[in-house]
Amino acid sequence: MSDSSSAPHIALLPSSGMGHLTPFLRLAASLVSNCNCHVTLITIQPTVSLSESQLISNFCSSFPQITPKQFQLLPFDPSTAHSQDPFFLHMESIRRSAHLLSPVLSSPASPPLNTLIIDITLTSAFLPVTSNLNISSYILFTSSAKMLSLCVYFTKILESSTESNEYFEIPGTSPLPISSVPPVLFDLSSLFTCHFIENGSKLVESNGILINTLESLESETLAALNDGKVVDGLPPVISIGPLVPCEFEKSSVSSPLRWLDNEQRGSVVYVSFGSRTAMGRAQIRELAVGLVESECRFLWVVKDKKVDREEEEGLEIILGNELMQKVKEKGLVLKEWVDQEGILSHSSVGGFVSHCGWNSVTEAALYGVPILAWPQHGDQRINAGVVEENELGLWVKSWGWGDGQVLVKGEEIGKKIKELMNDGRLKLKAAHVKDIAKKAIEVDGTSKNGFSKFINSCNKL
Ligand code: UDP
Ligand code: G50
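Using our numbering, the letters of the sequence shown correspond one by one to residues 634 to 1094.
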């Protein structure tokens, strides 16, 4: 794409959690392998989870041409951040160490550092670093364009008195049900919300926003953002998605692919709620009942602990002996980190019960797997809206957030899974999205063109 004499030197600064680290590493891999760029990866020490440190280590061994630079965080007193969420606390600790990045970035480099790509959650803390060092700054937005619209428009919503009680109206997107807005955003005193507002309003000071979305899933939203209809003066929003899963993600992870090899084409439903969502035990029990009642084969990744996986207590204790036996007869249950790309791209998998973390949505799109959306927290209901609008899946809105307020009964879960797995129209739609996603990453596709646009603009700065 670019010969190495004109290729820019780009540094990347990911945030906490696999949902942020993974797209950053996929982006780094693409910049090196497809665009010939010089890449520096800022590796934050320590990480929250073992999965993150293992992924960084695998990545660095796979890409010796990438320069890793350690960024050691300051000691941090969690009681000053008013949160229990380990990923949020870590993000806060990165933000509070922002001034320490200048010395890390200013050591001489050949070619000299040109651009820093900053995770959206760190935007307002790190933009001053790039402006002091006189390098350009791009933001990587790791969620949907619909979520980006909310992020940049949020202050206007707060200022407006004309909003209805049921919807936020944001130019370029369908009315956003208030029930889909991340609940934390209604608490204006929370640190997350303060940063959300600050990050959103500082985006205009960056040189551009890279977004891991598939252009055609969100074309109107992206057009409105780029036409200045959402806010004035927003820099280019460049869709580079779907970022493609890589080989380095596969090493040292459990692979149930051999089990899938023995199942019938399109017959297995894959159930996973991502890397940081722990489901309550009562809901886990109902889900087990639902999976058994669905009469489908299933591959279920159970997680009842936020960070990494719980080892001490077996699923048997949660489900009881009888239900556990039924589960074992019908499917495969895993508690460890799995090769999600390998699973979604396997021909035996015909449906995905997903929390709609944005990476999972883009991966389901890339492999054409219909989703039963069961958003749990944060931006996931907004992402589920994108899934529903594009007919990439079903979403039962009455299942609520994963906050334990609604206990979805097994019988209902079973019925919906059956519906997902037997919906021929949905299969065709998902296959169509897959075709579009594959085109996006080919020559002259929207993702490839997004990368070219970004590299060209780096070279002009
Ligand atoms: N993932 C995986 N194996 C697992 C759990 C998650 O490979 O056992 C990957 C998944 O493919 C995705 C990322 O981790 O790329 C999770 O990001 P997502 O945005 O879907 O959800 P989050 O974990 O941030 O809630
Ligand atoms: C968690 C959450 C709310 C929320 C998100 C969460 C997002 C949205 C992207 O992960 O990921 C985003 C995060 C932070 C920010 C701007 C945008 O400052 O509880 O929205």
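From the three backbone atoms N, C-alpha and C, an ideal C-beta is built for every residue, glycine too.
Through-space distance from residue j to residue i, alpha-carbon basis
i: E945; j: L683; result: Note that E945 scores 45 on pLDDT, short of 50, meaning its location in the model is unreliable and no value can be drawn from it.
i: A856; j: E848; result: 10 Å
i: N832; j: R914; result: 35 Å
i: T788; j: N840; result: 21 Å
i: L1059; j: H1065; result: 10 Å
i: N1016; j: V994; result: 8 Å
i: Q897; j: S981; result: 6 Å
i: R728; j: P708; result: 12 Å
i: I675; j: L746; result: 13 Å
i: K968; j: L1025; result: 27 Å
Contact test: residue i Cβ vs ligand 2 heavy atom, cutoff 7 Å
i: N832; result: yes
i: H828; result: yes
i: I751; result: no
i: S813; result: no
Beta-bridge partners of residue i, as assigned by DSSP
i: K661; result: For the record, residue 661 in the displayed sequence is Ala; it is not Lys. DSSP lists no partner for A661.
i: V870; result: I842
i: I1004; result: F985 and G1026
i: H642; result: H671
i: L581; result: Here the chain covers residues 634 to 1094 and nothing more, so residue 581 does not appear.
i: L773; result: D752 and L843
i: Q703; result: T676
i: R1014; result: DSSP output for R1014 lists no bridge partner at all.
i: Y800; result: P810
i: F709; result: Note: F709 sits in no beta bridge, so no partner.
i: F931; result: V902 and G964
CA nearest to the CA of residue i, picked from the options
i: K779; options: P815, F692 and A1073; result: P815
i: P697; options: S716, F881 and G1011; result: F881
i: M724; options: I753, A1006 and N1082; result: I753
i: Q589; options: S776, G1037 and P868; result: Residue numbering for the chain in the displayed model covers 634 to 1094; residue 589 lies beyond these limits and cannot be assessed.
i: T826; options: L791, E851, S797 and P804; result: L791
i: V785; options: W1034, C989, E1021 and I803; result: I803
i: A758; options: S730, V1019 and A1073; result: S730
i: M651; options: F906, P745, K1067 and G861; result: F906
i: G1011; options: E1021, L924 and T910; result: T910
i: I842; options: I751, G899, L821 and I768; result: I751
N-terminal and C-terminal residue of the beta strand (DSSP E) that residue i is part of
i: H671; result: H671 to Q678
i: G923; result: From DSSP, G923 is part of no beta strand (DSSP E) but of the alpha helix (DSSP H) over R914 to E926.
i: D752; result: T748 to D752
Residue span of the alpha helix (DSSP H) that contains residue i, given as start and end
i: K938; result: Premise fails: K938 is in no alpha helix (DSSP H) and is neither H nor E.
i: F759; result: T756 to L766
i: S908; result: Counting along the chain, S908 falls outside any alpha helix (DSSP H), and DSSP gives it neither H nor E.
i: F1084; result: T1079 to K1093
i: D1068; result: G1057 to A1073
i: S852; result: S852 to N859
Residue i: CB within 7 Å of a non-hydrogen atom of ligand 1
i: H988; result: yes
i: N992; result: yes
i: T754; result: no
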